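Here the sequence shown stands for residues 1 to 102, numbered as in the UniProt record's numbering.
We put the CB at the ideal spot given by N, CA and C, even for glycine.
Here the structure is a predicted model, which is why all the values come from computation and not from measurement.
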Amino acid sequence: MKKLYFVFFLLLTSLSFGQDNKSNGDIEGFELYPNPVTNGKVYITTKENAPKKILVFDVFGTQIVETTILGKELSLYDLSAGVYMLRVFEKDKVATRKLIIK
């Protein structure tokens, strides 16, 4: 079963990086910390510090969180331990990162 999760995670990762987004690239000054998450909160900072639309996907590619944050703190208390994909949209740019919750 673990091998199946790993295969789906690799598929999701390859698809997310292989897509041709119409954005102008990665978000400048993007930082995601702490990763791995241990206290249920993650902080997302960027150079512009504009409102951010956040999407979180599980290893199967199912969207499980969609929210918008105005500051830098994102609460993830509802997520169980595991590996997720985090996609952040700020203005016309997008950043995708692996997120680990312990």
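{"query": "Three CB pairs or more closer than 8 Å across the region 85 to 95 and the region 26 to 46", "result": "yes"}
{"query": "Burial state of Leu70 (16 or more Cβ within 10 Å)", "result": "exposed"}
{"query": "Pick from Leu32, Pro36 and Thr68 that is closest to Lys102, judged by C-alpha positions", "result": "Pro36"}
{"query": "Val88, DSSP secondary structure in three states", "result": "strand"}
{"query": "Closest residue to Ala50 among Val59, Phe57 and Asp92 (Cα-Cα distance)", "result": "Asp92"}
{"query": "Cβ pair residue 103, Ile54 closer than 8 Å", "result": "One cannot answer for residue 103 here, as it falls past the ends of the chain, which runs 1 to 102."}
{"query": "For Thr96 and Gly61, the rounded distance between their alpha carbons", "result": "13 Å"}
{"query": "Backbone CA spacing between Glu31 and Lys72 [nearest angstrom]", "result": "10 Å"}
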